[in-house]
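Yeah, the sequence shown ends on 355 if you go by the UniProt record's numbering, and it's all consecutive.
This report refers to the structure that appears directly beneath it.
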Amino acid sequence: MKMSSGLAGPVALAAAVCLLLPAASLAQLQVGFYNTSCPNAEALVRQAVTAAFANNSGVAPGLIRLHFHDCFVRGCDASVLLTVNPAGGNTERDAPPNNPSLRGFEVIDAAKAAVERSCPRTVSCADIVAFAARDSVNLTGNTFYQVPSGRRDGRVSNATEALSLPGPNSTAQNLTDGFGRKGLSAEDMVVLSGSHTIGRSHCASFLFRNRQRLAAGTISPAYQALLEALCPPTTGQLTPNTTEIDLSTPALLDNNYYKLLPLNLGLHFSDDQLIRNATLAPFASAFAANETLWKQKFAAAMIKMGNIEVKTGTQGEIRLNCSVVNPGSSWAAGIEMMPFPAGTSDATAGEVATS
Numbered sequence: 001m002k003m004s005s006g007l008a009g010p011v012a013l014a015a016a017v018c019l020l021l022p023a024a025s026l027a028q029l030q031v032g033f034y035n036t037s038c039p040n041a042e043a044l045v046r047q048a049v050t051a052a053f054a055n056n057s058g059v060a061p062g063l064i065r066l067h068f069h070d071c072f073v074r075g076c077d078a079s080v081l082l083t084v085n086p087a088g089g090n091t092e093r094d095a096p097p098n099n100p101s102l103r104g105f106e107v108i109d110a111a112k113a114a115v116e117r118s119c120p121r122t123v124s125c126a127d128i129v130a131f132a133a134r135d136s137v138n139l140t141g142n143t144f145y146q147v148p149s150g151r152r153d154g155r156v157s158n159a160t161e162a163l164s165l166p167g168p169n170s171t172a173q174n175l176t177d178g179f180g181r182k183g184l185s186a187e188d189m190v191v192l193s194g195s196h197t198i199g200r201s202h203c204a205s206f207l208f209r210n211r212q213r214l215a216a217g218t219i220s221p222a223y224q225a226l227l228e229a230l231c232p233p234t235t236g237q238l239t240p241n242t243t244e245i246d247l248s249t250p251a252l253l254d255n256n257y258y259k260l261l262p263l264n265l266g267l268h269f270s271d272d273q274l275i276r277n278a279t280l281a282p283f284a285s286a287f288a289a290n291e292t293l294w295k296q297k298f299a300a301a302m303i304k305m306g307n308i309e310v311k312t313g314t315q316g317e318i319r320l321n322c323s324v325v326n327p328g329s330s331w332a333a334g335i336e337m338m339p340f341p342a343g344t345s346d347a348t349a350g351e352v353a354t355s
C-alpha cells in the first residue's frame, strides 16, 4: 500500500486529533523538534520502515506493538530495545511478554544507522520508535498524524518490570486498571486495542484460555476448532505457530476487529472482554459502526500514549546504539545523569556522558 501523498487528509486528521487531545498532553514534547537539528530525521525513519514493510508487511504491527511495550514500562524511553542491563540481569527484551514475540528491532537499528549518518548524536531511539509506529499506522491504515518528539533514551531495562504489561488473558478490570495507571482512559484502552486488527499471535497466547471460552459460549465453536487444528496440543511459549488476529482483513488497519467481536471471533480473551463489560461495550460498538471515528481517536490515543513518562531536556541520553547505553553512562541504581550546564545543546547533551 502506498503512503498518502496528499495533504488534505493528513491536515484534516491532524486538526481532528488536536481537538481530541487535552491541552497539557503535549507540554513536554513538540512537533518538529528536529526541524533545525536534523530536518530529515522523520523522512529517514519513514524510508527505513517503508523498505522493511515492502519486504515483510508483518513489521508494521510489530513496530506498533514495540512502541506500546516500550511506553508501558518506564515510559517511552526505548528501554525495551536494550540487550544489556548495565546493572546486571535480564532486560525487558528478554521478558516473556516480549520474547520471542516482540519484533521490529532490526528496522529501528536500520533507521538509527541512517539518522546517525545524517545527524550524529542528535535523534533519540525513543523518538525513532515513535516515528516508526506512526509510519506503520500510515502504511497499513492510510492514517497519518504528527508525532510530538524530544524524548530521550533511558539507561535502565529490567525484565521483571515488563511482567506487568497487559496480556492476552487480562480481564476488563485488569485492562482498564493497567491503562489507567499510565494515564489512559477506558476509551483509550478500547481504541488502542483496535491495533489488533493487524498482526499475528502465538498459540500460547490464546489456545488454553479459549477452551474455557468455548465452554462459556463466548467463542465460535468453528473458530476454536480452526485454532485447535493450527496449534499442537502441547503448545508452549516457544512454539512458532501463529495465526492472524483479524480473520478478514489481517493486513489492513481498519475497524474490522470490532466487527468480529460480536460474532464471537475475537482471538484473545482480552479482546472478547471489550464486549462483555458494560462500560467498554459501547465504545467497541461505536468503533465497529464508524471507522473514521475510530481512526481519529486511534491517532489521538497513540500520541497520548507516546507521552507516557517521557524523559526530556537533560534527562537520560541520546543513545549511539539503540541496543546498549552509551559508554560511560551513569547507570548505577538507575540514577540519571546530572543536568548539563546551561547552554549545552540537545545535539551534544548525553553523548559525552561521564560517570
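Even for Gly, the Cβ is constructed at its ideal location relative to N, Cα and C.
CB contact flag (residue i, residue j, <9 Å)
i           : j    : result
R152        : I308 : no
A288        : N264 : no
S124        : G32  : no
A172        : N98  : no
I64         : S157 : no
A133        : A48  : no
residue 356 : H196 : Outside the modelled stretch of the chain, which goes from 1 to 355, sits residue 356, for which no answer is possible.
A159        : N90  : yes
L184        : K304 : yes
R117        : L320 : no
G194        : Y257 : yes
L192        : F206 : no
A126        : V310 : yes
V84         : L66  : no
C231        : A78  : no
Extent of the continuous beta strand (DSSP E) to which residue i belongs
i    : result
R213 : Not the beta strand (DSSP E): R213 falls in the alpha helix (DSSP H), residues L207 to A216.
S248 : Neither: S248 is in no beta strand (DSSP E) and is coded neither H nor E.
Range of the contiguous alpha helix (DSSP H) that encloses residue i
i    : result
E187 : A186 to S193
S136 : C125 to G141
L226 : P221 to L230
G167 : G167 -> no alpha helix (DSSP H), and no H or E assigned at all.
N174 : A172 to G180
Straight-line gap, residue i to residue j (C-alpha atoms, nearest Å)
i    : j    : result
L252 : N138 : 10 Å
R211 : N40  : 50 Å
L21  : P233 : Low per-residue confidence applies at L21: pLDDT is 46, beneath 50, and the placement is therefore not dependable, though the value from the model is reported in the following sentence. Approximately 46 Å, taken between the alpha carbons.
D109 : A60  : 15 Å
W331 : E161 : At W331, the pLDDT of 46 sits below 50, so the modelled position is not reliable; the number obtained from the coordinates is stated separately. Looking at the two C-alpha atoms, the distance is approximately 17 Å.
A87  : A229 : 44 Å
N56  : R200 : 13 Å
Beta-bridge partners of residue i, as assigned by DSSP
i    : result
D153 : E317
H202 : T242
Q30  : S149
V324 : N321
Chain D within 9 Å of residue i, Cβ atoms only
i   : result
V49 : The structure shown contains no chain D; it holds only a single protein chain.
Residue i: CB within 8 Å of a non-hydrogen atom of the ligand NAD
i    : result
N138 : Questions concerning the ligand NAD fall outside what the structure shown contains, since it holds no ligand whatsoever.
Which runs of the alpha helix (DSSP H) at least 4 residues long sit entirely within the region 43 to 113? Give them in chain order. Within the region 43 to 113, the alpha helix (DSSP H) runs of at least 4 residues that lie entirely inside it are, in chain order, 59 to 71.
| In chain order, each alpha helix (DSSP H) run of at least 4 residues that lies wholly inside the region 248 to 290 | For the region 248 to 290, whole alpha helix (DSSP H) runs of length 4 or above, ordered along the chain, are 256 to 260, 269 to 273 and 281 to 289.
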